[in-house]
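Taking this note's numbering, the leading residue of the sequence shown gets 146, the next gets one more, and so forth.
Beta carbons: idealized from backbone N, C-alpha and C, even for Gly.
For reference, the structure is listed below as C-alpha cells.
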Amino acid sequence: MKQFLFLLLHLISQPLIQSQTALSYEQARQAVLTAEEELMTGGHTYLSTQEAKVDDIFMEYKLGELSQGFRNAEQNAAALHFFKAKPLIDRSGVFRFLQKMPKGAVLHLHNTASVSSKWVVQDISYMPGMLRCTTATGRSVLSFRRTPKEHQCQSQYVRVADERQNSVDRQVYDQNFERLINLYTPVPELEYPTITHVWDRFQDMFDVIGDALAYLPAFRAYHWQMLEELYNDNVMYAEIRTSCKKLYDASGRTFPRERTIRELYALNEKFTKLHPDFLGMKIIFAVYRGYEVDQLKETIEEFKQIHEIFPQFVVGFDLVGQEDKGKPLYTLLPALRDLPPTARLFLHGGETNWFGASTDINLLDALLLNTTRIGHGYALAKHPILMNAVKTRHIAVEVSPISNQVLHLVWDMRNHPGSQYLALDVPVVICNDDPGFWNAKGLSYDFYYAIMSLAPNNAGLRVLKTLVWNSVRYSTLTEEEQTRAFKILELSWTRFMEKVLQGSVF
Ligand SMILES: [Zn+2]
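Here's what the structure looks like:
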C-alpha cells in the first residue's frame with residue numbers, strides 16, 4: 146500500500162503529459178481517488194451484504210439532502226449554524242436514521258449541561274422550594290437554599306413558584322426561565338458577535354443552575370433524566386465529566402463529595418438493572434482550569450480519595466472552563482504530576498483558534514502527560530507531529546462539532562478540522578459536550594454534522610459504523626466490559642439494519 150502511495154504521489158507531482166507512465170490520465174485520476182477513500186476513516190471497514198443495502202438507502206437520503214442544500218444555500222443544514230439548521234435537521238431523513246442508529250458511547254459530556262433545558266424547566270423548576278436571586282452583574286442564581294456567600298446574591302430570594310403564579314402568562318414565564326439555561330437565539334451572529342459574548346453567557350449558565358442541581362432530589366431526578374435522554378437516543382454508555390459538587394438536602398445538611406459519587410453510583414446501578422442493554426456510565430472528575438496550583442493540589446487530594454474508593458467508576462481526571470482564559474497545562478504541571486498512576490487523564494486540549502498561543506500548546510502538554518483521549522483537539526491539525534503521535538499512539542480525539550460552532554470556533558461546519566481527522570484516519574469519537582445548553586438532545590445532532598459536513602459527500606455507513614465502534618473501543622470500559630459492549634452493539638446494530646430494510650426507519 147505504501148509503495149503504491151509513493152507511486153501515486155510521484156505521478157501527481159509532475160504533469161501527466163510529461164510522465165513516462167503506463168497509467169492513463171483516467172487511471173491515475175481514479176487511483177488517487179480510491180487511495181484517498183481507502184486512507185480515510187472507515188476505509189477498511191467491512192460491510193455485509195445487508196449493510197451494503199442499508200448504505201445504498203442511506204446514501205439516497207444523504208445525497209438527496211446535500212443536493213437540495215447545494216441548490217438552495219439557505220436550506221443547507223450542513224453549512225448552517227445549528228440554531229438556524231435545527232428545524233431543517235428535525236425534518237431530515239438522514240437525522241431520522243441517525244436517531245434510530247445505535248451510536249455506541251458518548252465519551253465527552255458535562256453533567257450539568259447534559260439534559261435538555263425544556264425538561265429542566267418542566268421538572269426541576271416546578272420542584273417545591275426553588276428560589277431565584279440576582280447577582281451584582283444581573284445574573285440569576287437558582288437554588289433550593291439561601292447561602293448568600295456562595296451565590297453572590299445582591300437581591301432578595303424569591304420563590305420561583307410565586308413568580309410564576311404572579312406572572313401574566315405562565316408559558317411566557319417558562320420560556321423566559323428556559324433562556325437562563327439555553328443559549329438559543331434565532332440570530333446568533335447578532336447576539337454573540339464575539340467568542341467572549343458567547344463564552345461569558347455559557348460559563349454563567351453553569352452558575353445559574355449549578356446550585357439547584359446540587360439539591361439532592363433535583364440531583365437524582367436530573368441525572369436519571371440524563372441517562373434516559375442518552376438511552377432514548379440509542380446511546381449505550383457514557384463517560385461523564387463532573388466537578389462532583391457537594392450535595393445538600395431540604396434540612397440544610399451538606400454532604401461530603403463522596404456522597405455525590407455514591408448517588409451517581411446508585412443511580413447507575415438502578416438504571417442499568419432496568420435497561421440491561423445499557424452499560425451505564427463512568428465518571429471523569431473535572432476541575433476548573435482557572436485554579437491556582439495550590440488550589441488544584443487540594444482538589445487533586447480529594448480526587449485521589451474518591452478514586453481510591455471507586456477505581457472502576459471514577460476513572461480519570463480533567464480540567465474544564467474556557468481554555469483561552471484558563472491556565473495553560475504547563476503552568477499546572479506541579480499539581481498534575483501528583484495524580485496517581487491508576488488515574489487516567491482526559492484532558493481538554495486545543496479548543497482554540499489561537500495558533501501558537503500557550504493554550505494551543507496544551508495539546509503538546511496533554512500528550513506529554515500521557516492523556517488517554519483529547520477533549521476537542523480542535524487545533525490538532527495545525528501540529529503535524531502531534532497529529533502523527535495521536536494516530537500512532539491511538540489517542541482518540543473527542544470531536545464535538547456543535548459545541549465548537551456554538552462556542553465560536555467555526556461557523557460553516559464544513560470548515561471544521563474534523564474533516565481532516567477523518568481524511569487522515571485520526572482516531573475520532575463524536576461527542577456532544579453540553580447539549581442541554583444549546584437546544585440539542587442526545588448525540589444524534591452531532592452525528593448529523595459529522596456525516597453531512599465533516600465527512601465527504603460519498604461517505605455513508607462505513608464511516609458511521611467506524612465512528613460508533615470507535616466510541617466503544619476508545620472508552621475506558623475494561624476488557625470484559627468491552628467484550629460485552631461489542632456483543633450488545635452487534636446485536637442492536639443488526640436489528641437496526643433489519644428495521645431499515647423493512648422500511649420502518651425512514
Ligand atoms: Zn468539554
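Short Cβ contact (8 Å threshold) for residue i with residue j
{"i": "L492", "j": "A480", "result": "no"}
{"i": "N89", "j": "L554", "result": "Because residue 89 is not part of the residues shown, which for the chain are 146 to 651, the question remains open."}
{"i": "A488", "j": "H452", "result": "yes"}
{"i": "L599", "j": "S564", "result": "yes"}
{"i": "G355", "j": "T257", "result": "yes"}
{"i": "A630", "j": "V617", "result": "yes"}
{"i": "I506", "j": "P529", "result": "no"}
{"i": "V544", "j": "P572", "result": "no"}
{"i": "L252", "j": "S620", "result": "yes"}
{"i": "F400", "j": "L392", "result": "yes"}
{"i": "T376", "j": "F423", "result": "Note that residue 376 is Tyr in the sequence shown, not Thr. Closer than 8 Å, so yes."}
{"i": "Y593", "j": "I234", "result": "yes"}
{"i": "K527", "j": "F500", "result": "yes"}
{"i": "S503", "j": "V432", "result": "no"}
{"i": "G648", "j": "S262", "result": "no"}
{"i": "Q299", "j": "T279", "result": "yes"}
{"i": "L646", "j": "V177", "result": "no"}
{"i": "G209", "j": "K610", "result": "no"}
{"i": "P546", "j": "D591", "result": "yes"}
{"i": "I429", "j": "R386", "result": "yes"}
{"i": "L490", "j": "T516", "result": "yes"}
Cutoff 6 Å; reference residue i; Cβ partners in own chain excluding five residues on either side
{"i": "E336", "result": "T330"}
{"i": "L612", "result": "I575"}
{"i": "W344", "result": "Q467"}
{"i": "K248", "result": "N379, V380, L588, V613"}
{"i": "M371", "result": "S259, V260"}
{"i": "P333", "result": "H226, F228"}
Neighbourhood of residue i by C-beta distance below 8 Å, restricted to the same chain and skipping five residues each side
{"i": "I162", "result": "For I162, the pLDDT reaches just 49, beneath the cut-off of 50, and the residue's location in the model is therefore unreliable, although a value from the coordinates is still provided. Result list for I162: empty, nothing under 8 Å."}
{"i": "K536", "result": "L569, D570, V571, P572"}
{"i": "H189", "result": "E183"}
{"i": "Q220", "result": "Q213, G214, L233"}
{"i": "H296", "result": "C278, T280, V286, S288, D356"}
Alpha helix (DSSP H) segment containing residue i, residue limits
{"i": "R216", "result": "194-216"}
{"i": "H342", "result": "340-358"}
{"i": "F623", "result": "A small correction: the amino acid at residue 623 is Thr; Phe does not occupy that position in the sequence shown. Run containing T623: none; DSSP gives neither H nor E here."}
{"i": "F322", "result": "315-324"}
{"i": "L243", "result": "238-245"}
{"i": "A224", "result": "From DSSP, A224 is part of no alpha helix (DSSP H); its letter is neither H nor E."}
{"i": "A173", "result": "170-184"}
{"i": "L361", "result": "361-377"}
{"i": "A480", "result": "474-481"}
Residue range of the unbroken beta strand (DSSP E) whose run includes residue i
{"i": "I234", "result": "Unbroken run through I234 is the alpha helix (DSSP H), 227-235; no beta strand (DSSP E)."}
{"i": "A604", "result": "Element bounds for A604: n/a, residue is neither H nor E."}
{"i": "T279", "result": "276-279"}
{"i": "G494", "result": "489-494"}
{"i": "A250", "result": "250-255"}
{"i": "L287", "result": "285-288"}
{"i": "V305", "result": "V305 -> not in any beta strand (DSSP E); alpha helix (DSSP H) instead, spanning 305-311."}
{"i": "V574", "result": "573-575"}
Beta-carbon separation (whole angstroms), residue i vs residue j, contact threshold 8 Å
{"i": "G605", "j": "K207", "result": "6 Å"}
{"i": "E427", "j": "F458", "result": "Rather than Glu, the amino acid found at residue 427 in this sequence is Lys. Confirmed, about 6 Å."}
{"i": "L192", "j": "R607", "result": "6 Å"}
{"i": "A222", "j": "S237", "result": "7 Å"}
{"i": "F462", "j": "L484", "result": "6 Å"}
{"i": "L211", "j": "N602", "result": "6 Å"}
{"i": "L184", "j": "D570", "result": "6 Å"}
{"i": "R304", "j": "L276", "result": "6 Å"}
{"i": "F347", "j": "L552", "result": "7 Å"}
{"i": "V353", "j": "R291", "result": "Actually they do not touch by this definition, with Cβ atoms about 16 Å apart."}
{"i": "L525", "j": "P486", "result": "About 26 Å separates the two Cβ atoms, so there is no contact after all."}
Close Cβ partners of residue i (< 7 Å) along its chain, the five nearest in sequence each way excluded
{"i": "D319", "result": "V266"}
{"i": "F641", "result": "K245, M246, P247"}
{"i": "F364", "result": "L358, L392, E408"}
{"i": "F240", "result": "I234, S589, Y593"}
{"i": "A383", "result": "A250, V251, L254, L375, M426"}
{"i": "M272", "result": "P362, A363"}
{"i": "F671", "result": "The question about residue 671 has no answer here: the residues shown for the chain are numbered 146 through 651."}
{"i": "S270", "result": "V305, F322"}
{"i": "E635", "result": "none"}
Minimum Cβ-Cβ distance from residue i to chain E less than 8 Å
{"i": "T444", "result": "Annotation note: the requested chain E is absent from the structure, which comprises a single protein chain."}
Ligand 2 heavy atom lying under 7 Å from the CB of residue i
{"i": "V465", "result": "Only ligand 1 can be found as ligands here, which leaves ligand 2 out of the picture."}
I'd like the ranges of any alpha helix (DSSP H) spanning at least 4 consecutive residues and lying wholly in the stretch 382-470.
402-419, 438-454
If you scan the stretch 512-567 from start to end, which runs of the alpha helix (DSSP H) of 4 or more residues do you find wholly inside it?
529-537, 546-551
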